[in-house]
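These protein sequence lines map, in sequence, to chains A and B.
Numbering of the first sequence is given in this note's numbering, commencing with residue -16 and proceeding in unit increments.
Numbering of the second sequence is given in this note's numbering, commencing with residue 277 and proceeding in unit increments.
Just so it is clear, CB atoms sit at the ideal spot from N, CA and C, and this is done for glycine as well.
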Amino acid sequence: MSKSALVRLKEFLANRPEGGAIVGVVALFVFFSLGTEHFLAVKSFRSMLTLAAYWGIAAGGVTLLMISGEFDLSVGSMLGLSAMGVAIMVNAGLPSPIAVVMMLIVCVAIGLLQGLAVVKLGIPSFIITLGGMLLFRAITYLIHLVVVQGDYVRVPQDDAFYQILSYRFESGFNITPLWFLGITVILYLILHRTHFGNWIFATGGNKLAAIQSGVPVNRVKVILFGLTAGLACLAGIFEMTRFPSVGPQGGKLLELYLIAMVVMGGTRLIGGYGSVVGTVFGLAMMAMMKNGLSLMGVSAYWYNAVVGIIILIAVIVNVNSQRRALGVRHE
Amino acid sequence: MPKSISDRLTGLVTKFPEAGAGLATLVMFGLFSWWGTNFLTVYSLNTMLFVVAEWGIIALGFTLLMIAGEFDISVGSVLAVCGVLAIFMLNAGLPAPIAVVMTLIIGVAIGLLHGLAVIKLGVPSFIVTLAAMLFWRGIVLVITGAFPVEPTHEPAFFEIFSYRFENGFNVSVLWFFGVAVMLALILHRTHFGNWIFATGGNKLAAIEAGVPVNRVKMILFGLTSGLASLAGIIQMSRFGSVDPLRGDFVEFKAIAAIVVGGTLLMGGYGSILGTVFGVLLIGIIGLGLVLAQVPSILFEGFLGGLIVIGVIINTMVQRRALGVRGE
């Protein structure tokens, strides 16, 4: 007996982690398109794309880390720190490529350290990175106070290296989304086409079983912490190149929104199940909400409330459709 | 064979998870007393006490929730919402006692709502309360239009919550310790307290043993939010107004205090006394930093460093004491 197209579509969606997110994206798109004609304008897409790209670069790392069963709440602070750090280094005379590379090395090192603390000392990643979040933010402010006396740090807009990262075409489109796409594709390939990707799923899904199968879970986690930190740093640098000046508050509380986006995309909080593509959809939903709500003239004060509800709905849909698809994964 | 010092210490900490935090509190207190000017005055200590009492009350409820294995990061937003609602009710002419009781009821109801979402809909508490945090903060912004809200008159009734004596002591501190004692008794002297530990320690085993885990969690969600609304009322009584950013960051301070106090993040192990020490410790450090005129942003950094160090120490000690908890 052949199944109707609708049933097959439903099954297809339910069996994939991104299923719920796809529905969500479509629903929100339709909603906002009907809500205001400005939503469909090129300008609106451009701003959504740029937003999503900057969030997305950091979100990819968070996704992989969450699939392996860990959290990183310090992403936003690392982002802010990187933006401020590179800007100051360049102002001090360091050539921008060197400043960027140095910052990347520092951030990856910090990430690896956090990962080591988690696996060697057995401290929950939630706590370590919570501490990291507060620490790095304070360091950013401290550097800001001490080095530039609280003034805004200027970012030269015509720096050649920055152009590679954030070139603005005449149509107004930015090159950053291409970077985001490239990074996402690489992450996707890692996750689904390499042994390492398999190890990530195994580590998150059933750590003990993974260890017994010979998966080097600790190494996987430490590497992912380093990766997440590096991508956060990169996102911060991209964000920095967009504006003529940078302050110390970049990325504040971003990590919470990132987690929301990743979970909205179908990745499970407990790990072992998820998808980078889903995260892209989660990003799309957030970007659409941010853009669409303001275009519709909704007061900024409602933004928080609406986002909260949408996150909840999206996760409820995901959890319940996944439950049915995976069989109840005993909570 | 004689026990070594480290064995004795480990034994101490096993029986008393709050030992480490207590020690740290004493040490920091001694340090700042000796090093800081004006630290050891009655006035500044009293000031510190009532400032931490407000979010400390939330930390106490949150401790029980964490022992049961759940999270609630919406507490700061609930604090703000309830404070605002209380003022609105006053301005609408409701007598103060009724406004207070209704606000508390609303707070508990909000918590039960969160609990329902977690239990019935199967969404992890972290996500539910993250969404809730955004939602309630949004509601506060919408209702207040981002302006501080004041009651048209302030009934004397509110002095029960926040009356300040001349030496700086505030009644709210009594509320804090009162709640602490009550919750400690519940945790260690009642079946319910047992159930809390069981639910967090090994949920499946608890269910098999007949513990109504879902009901336990629901009650604790309600309790945590209810205490958040109490804190909102206390803060409102102190300031005489509520502004839309009230309660911001409270959830992180609470987590810091709880974790430093020895409660484990994954649940099943913890202590109210430890949280009390954690709260006091953060208060002492905050007071010391303020008096040393350190810029306030660094306080966040210290908090971060404190959390990390506190957890490292606690985890390492507890691991040795309990044997590796099946990592």
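If you count every other CB in all the chains shown that lies within 10 Å of the CB of residue i, and 16 or more means buried, which is it?
i, result
"A/V(-10)", "exposed"
"A/W38", "buried"
"A/K190", "buried"
"A/H175", "exposed"
"B/F423", "exposed"
"A/E1", "buried"
"A/P231", "buried"
"B/K529", "buried"
"A/E(-6)", "exposed"
"B/G369", "exposed"
"B/V600", "The predicted position of B/V600 is uncertain, since its pLDDT is 47 and thus under 50; a value taken from the coordinates is nonetheless stated next. Looking at its Cβ environment, which holds fewer than 16 other Cβ atoms inside 10 Å, B/V600 is exposed."
"B/F525", "exposed"
"B/I585", "exposed"
"A/E20", "exposed"
"B/H429", "exposed"
"A/V260", "buried"
Compute the Euclidean distance between the alpha carbons of residue i and residue j, then round it to the nearest angstrom.
i, j, result
"A/I194", "A/W182", "10 Å"
"A/L48", "B/N478", "25 Å"
"B/V447", "B/E435", "8 Å"
"A/H313", "A/R306", "With a pLDDT of 44 at A/H313, under the threshold of 50, the modelled position of that residue is not reliable, and the figure given next carries that caveat. So the two alpha carbons sit approximately 9 Å from each other."
"B/E603", "A/G52", "Here the model assigns B/E603 a pLDDT of 39, short of 50, so the residue's position is not dependable and the matter cannot be decided."
"A/T112", "B/G538", "18 Å"
"B/M365", "B/G414", "19 Å"
"A/I106", "A/G98", "10 Å"
"B/V536", "B/A297", "6 Å"
"A/L125", "A/F226", "21 Å"
"A/I293", "A/R(-1)", "20 Å"
"B/I531", "B/I583", "9 Å"
"A/T177", "A/A212", "21 Å"
"B/S353", "A/S30", "30 Å"
"B/W310", "B/V303", "11 Å"
"A/G7", "B/A385", "29 Å"
"A/V9", "B/I403", "22 Å"
"A/A75", "A/D134", "15 Å"
Is there a C-beta anywhere in chain B that falls below 8 Å from the one on residue i?
i, result
"A/A288", "yes"
"A/I50", "no"
"A/A192", "no"
"A/I71", "no"
"A/Y256", "no"
"A/N189", "no"
"A/Y284", "yes"
"A/A121", "yes"
"A/V302", "yes"
"A/A270", "no"
"A/G3", "no"
"A/R306", "yes"
"A/A243", "yes"
Looking at chain A, is there any beta carbon in it that lies within less than 8 Å of the beta carbon of residue i?
i, result
"B/R522", "no"
"B/E603", "Residue placement at B/E603 cannot be trusted, given a pLDDT of 39 that sits under 50; the coordinates are not used to answer."
"B/P400", "yes"
"B/M365", "no"
"B/E576", "yes"
"B/L397", "yes"
"B/T256", "The shown model of chain B, from 277 to 603, leaves out residue 256 of chain B, and the question about it has no answer."
"B/G383", "no"
"B/M542", "yes"
"B/L579", "yes"
"B/I548", "no"
Counting along the chain, where does the alpha helix (DSSP H) carrying residue i start and finish?
i, result
"B/E346", "No alpha helix (DSSP H) holds B/E346; DSSP gives it neither H nor E."
"A/A41", "25 to 50"
"A/P160", "159 to 176"
"B/S401", "401 to 420"
"B/I436", "Per DSSP, B/I436 belongs to no alpha helix (DSSP H) and is neither H nor E."
"B/F423", "It is not in any alpha helix (DSSP H) - B/F423 carries neither H nor E in the DSSP assignment."
"A/K235", "That residue, A/K235, is in no alpha helix (DSSP H); it is neither H nor E in DSSP."
"A/G265", "259 to 278"
"B/M542", "Taken as a continuous stretch (DSSP letters only), B/M542 belongs to no alpha helix (DSSP H), as it is neither H nor E."
"A/V6", "2 to 18"
Residues of chain C with a CB under 7 Å from the CB of residue i: which are they?
i, result
"B/T591", "Absence of chain C from the displayed structure is noted, the protein chains being A and B."
Measuring only from the beta carbon, is residue i closer than 7 Å to any heavy atom that is part of the ligand ZN?
i, result
"B/R491", "The ligand ZN is absent from the structure shown, which contains no ligand whatsoever."
Under 8 Å, CB to CB, which of the residues in the region 101 to 115 of chain A have a partner in chain B?
L104, G105, I106, P107, F109, I110, I111, L113, G114, G115
Quick one, which residues of the region 414 to 442 of chain B are near chain A if we go by CB-CB under 8 Å, in chain order?
G414, I415, L417, V418, G421, A422
Under 9 Å, CB to CB, which of the residues in the region 508 to 535 of chain B have a partner in chain A?
P520, F528, I531, A532, V535
The region 461 to 487 of chain B: which residues have C-beta closer than 9 Å to a C-beta of chain A, in chain order?
K479, L480
Quick one: which residues of the region 350 to 378 of chain B get their C-beta closer than 8 Å to a C-beta of chain A? List them in chain order.
none
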